[in-house]
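Asker: Structure below; questions to follow.
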Amino acid sequence: MEDPTGDWTWEFDSHRPNDTYEGESKSSLNPSSETLPELLVHATVRSIILMAHSSRLGTQVPDEDALEILNPMEIVGFGGWGWPRPGYQVYAADNLLAEVGPAIDPQAPWLNRAGYSAVRIAGLRDSDLTYLNEYSAGTWIDTGIDS
């Protein structure tokens with residue numbers, strides 16, 4: 000299985016299907032912390048976030064704001080991936096799903112930017128996301144598939 004951009008791949012062992020592996024290519028696979036069922040659910044949830052009709056992306060959200068933005072949600076206990084970069088977590092509420100991880104340092108894109116997070120949040124409707132307007136005006140990119 001590959002991510003939508005082809006940058007990351009996951010595989011499982013047909014003799015031990017709960018053992019999963021991930022990496023940048025088939026030649027650089029490492030054991031994943033997720034079982035196959037968890038990996039499939041995680042991939043499905045991430046696809047929902049990426050393809051939602053109503054979604055926003057903040058690439059440089061101050062950590063203090065990120066904590067408040069995520070306040071109505073609970074963390075989903077996935078094992079974690081190394082993609083899109085280590086440290087990403089999924090959050091959920093009745094009408095919201097979010098993927099949050101370290102922000103990329105604009106001066107050194109291979110590093111994380113201290114004090115900032117990348118937040119991609121999806122709602123059932125655009126109105127579910129209006130509370131984001133209170134945070135970092137001008138920072139949010141409308142990523143909904145209808146935008």
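Under numbering that gives the first Met the number 0, the very last position in the sequence shown is 146; numbers go up by exactly one each time.
Just so you know, even glycine gets a beta-carbon here, dropped at the ideal spot from N, CA and C.
From the DSSP output, which residues share a beta bridge with serine 53?
Answerer: DSSP output for serine 53 lists Gly122 as bridge partner(s).
Asker: Please find out if some non-hydrogen atom of the ligand SAM comes closer than 6 Å to the beta-carbon of serine 54.
Answerer: In the structure shown, the ligand SAM is absent, as is every other ligand, since no ligand is present at all.
Asker: How should leucine 110 be labelled, buried or exposed, when 16 other C-beta atoms within 10 angstroms of its C-beta is the threshold for buried?
Answerer: Answer is exposed; the Cβ neighbour count stays below 16.
Asker: Grab me the residues of aspartate 125's own chain with a C-beta within less than 6 Å of its C-beta, minus the 5 sequence neighbours each way, in chain order.
Answerer: Within the same chain, aspartate 125 has close Cβ partners Ser53.
Asker: Tell whether a beta-carbon distance below 7 Å holds between arginine 119 and isoleucine 48.
Answerer: Cβ atoms of arginine 119 and isoleucine 48: closer than 7 Å.
Asker: Considering only their Cβ atoms, is the gap separating glutamine 59 from alanine 102 smaller than 7 Å?
Answerer: It is a contact, given that the beta carbons lie within the stated cut-off.
Asker: For leucine 66, count the other beta carbons within 10 Å of its own beta carbon; 16 or more makes it buried, fewer makes it exposed. Which is it?
Answerer: Leucine 66 is exposed by the Cβ-count criterion.
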